[in-house]
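One structure below.
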Amino acid sequence: MAYYDSLTRLHNKEWFMEKLESSIQEAKKDATLLGVIFLDLDSFKSINDTMGHSTGDSVLKMTAERLSSCLREKDTIARFGADEFLILITNIKRLEELKKITDRIIGVFDQCIHVQDIEYFMTASAGVAVYPVDGEDPETLVKNADIAMYEAKAGGKNQIIYCSPAMKEEATKKMKLTNSLYRALDKNELYLHYQPQVDVKTQKIIGFEALLRWNNGEYGMVSPNIFIPMAEQTGLIRPIGLWVIKTACKEFKEFNKSGNKSITLSVNLSIEQLKDITIAEKISEILYATKMNPKNLQIEITESIAFNEDYNILKRLKDIRNLGISVSIDDFGKGYSSLNRLKTFSIDLLKIDMDFVHGITSQSQKDRAIIKSIIQVAKNLNVKVLAEGVETEEQFTFLRDNGCDIVQGYYFYKPMPASEIEKLDIMEAYR
């Protein structure tokens, strides 16, 4: 039983790796190809969480049976762990043969699974690595099939993706960047830029958003769209996030020497940071250490966080508000939340997602209508509205004429280091 999975009765990972090793030797001798398929069930966790592990186990067993039944007698399937499966396709002469088999595998999920008279519609994402082009040893082949599987997930799920050189190169770069991120704070590679926020009526600066930047020693400037998700996945977002708040407060105190209470400093807070049960306490300590007036600080959260059903997350947000800090919803309109839910959540500012703002220039009536709706609802709730990504006079004019309170974007100011802000008189700053 050491080589079998007790739930599905399939072979396990250890047996698979040994089988793969011997199959590689045979393929080398016969000059044939072989395929390693790494398959992961999409959204299986939701079945386990909502229907219980017993139902989840039944779904896994039936999935294992269906996958086994669609394979050739000489092919091998094993349970890798949780909702993941490894499949070995041997004795392949041409890639077309492998494609027919992989199409058959993904077709298994066209039919629903019945458990206790309830239908469950499943999909799967799979990655394929081919010997010898994607690796000549078991570990490399499984690793590259896994890389391709994650590419399938990222590309919309419910599909099979074959590994490619570009994929492998990107995965290697990502691994190196992730390792570098662990040392980024110690190496002083992280720093902040600030983008001014401008009052629409007076065109004066009334706030700044702190934006994290990373200048890596090997790769140069790394996009936040790349390293922020890395930080969240590794848990580094917590120490980095606290560093951002502390550094932003320190620098804000420098360029707001007059202590103007009407100037706000906006800092982003992620869901991972809000999972920290002591987050409000840590922010309070930063305010004390930097002598920052909480009235000047604004925390930006995403729409999905604002309407999260998790009581603990909402309580931590409330604790942060109780410190005297204001809360804004960033990229509003991007999610699927009802505007009516704003009534049940106390916020101070709505930030309209820049995609809608860019739609103003393209004459998108839909984007213009959405912007008008957001502004109207915000006014009814006595909440201010800020539009992000304002780059043209046309966009600014439309927003001004429709009652938007604040704008942020290159039309007025680009993000800049604190040293440049110190040159501005933020009490009398005009475009």
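In our numbering, the protein residues as written are 651 to 1081. In this text, a Cβ means the ideal position worked out from N, Cα and C, and glycines have one as well.
(Q) Please classify L999 as buried or exposed, where buried requires at least 16 neighbouring CB atoms within 10 angstroms. (A) buried
**Q.** the segment 741-758 contacting the segment 805-817, beta-carbon criterion three pairs below 8 Å
**A.** Segments in contact, yes.
Q) Three or more beta-carbon pairs under 8 Å between the segment 872-880 and the segment 846-856, yes or no? A) A contact is defined here as three or more CB-CB pairs under 8 Å, and the segment 872-880 fails this definition with respect to the segment 846-856.
Q: Enumerate in chain order the residues of its own chain whose CB-to-CB distance from V872 is below 7 Å, with the five nearest sequence positions on each side excluded.
A: L827, W864, N866
Q) Nearest to L1074 by CA position, among I929, H1008, Y844, L886, is which residue? A) Y844
**Q.** Candidates L937, D760, M825, I1025, of which the one nearest L947 by Cα
**A.** L937
Q: Work out the CA separation of K793 and I856 for me, nearest whole Å.
A: 50 Å
Q: Report yes or no: is there a C-beta of chain C within less than 8 Å of the C-beta of Q1015?
A: Of the protein chains in the structure, only one exists, and it is not chain C.
(Q) Per DSSP, what are the beta-bridge partners of K1001 in this structure? (A) L1036
Q: Give the secondary structure of A779 by DSSP, where H, G and I count as helix, E and B as strand, and everything else as coil.
A: strand
Q) If you pair each beta-carbon of the segment 1051-1060 with each one of the segment 877-893, do three or more pairs fall below 8 Å? A) no
Q. Cα-Cα, which of K1029, Q1026, D981, V1027 is closest to F1006?
A. D981
Q) Looking at C-alpha atoms only, which residue of I921, S996, L1049 is the closest neighbour of I963? A) For the set I921, S996, L1049, the Cα lying nearest the Cα of I963 is the one of I921.
**Q.** G785 vs M799 beta-carbon contact at 8 Å
**A.** No; because the gap between Cβ atoms is not below 8 Å, this pair is not in contact.
Q: List in chain order: all unbroken beta strand (DSSP E) runs of 3+ residues lying wholly within the segment 828-859.
A: 840-849
Q. Taking C-beta to C-beta, are T740 and L660 nearer than 8 Å?
A. no
Q. Excluding sequence positions up to five away, which residues of its chain have a Cβ less than 8 Å from the Cβ of L842?
A. Closer than 8 Å at Cβ, skipping near neighbours: A860, L861, L862, R863, V894, T897, A898, E901, P1067, A1068.
Q) Rounded to a whole number of angstroms, what is the C-alpha to C-alpha distance between N972 and Y961? A) 16 Å
Q: Would you list the one or two residues that DSSP bridges to E769?
A: H764
Q. In three-state DSSP terms, what is F1062?
A. coil
Q: Spell out the partners DSSP gives I927 in its beta bridges.
A: Answer by DSSP bridge pairing: none, since I927 is not bridged.
Q: List the endpoints of the continuous alpha helix (DSSP H) containing T705.
A: 703-719
Q: Could you say which of Y1061, T700, T726 lies nearest to F611 if we only look at CA atoms?
A: Nothing about residue 611 can be reported from this structure: the residues present for the chain run from 651 to 1081 only.
**Q.** Environment of K806 [buried if 16+ CB atoms lie within 10 Å]
**A.** Note that residue 806 is Gly in the sequence shown, not Lys. That one is exposed.
(Q) In this structure, how does DSSP classify G685 when only helix, strand and coil are distinguished? (A) strand
Q. Which value, in whole angstroms, describes the spacing of the CA atoms of L738 and F688?
A. Each residue's alpha carbon lies about 9 Å from the other.
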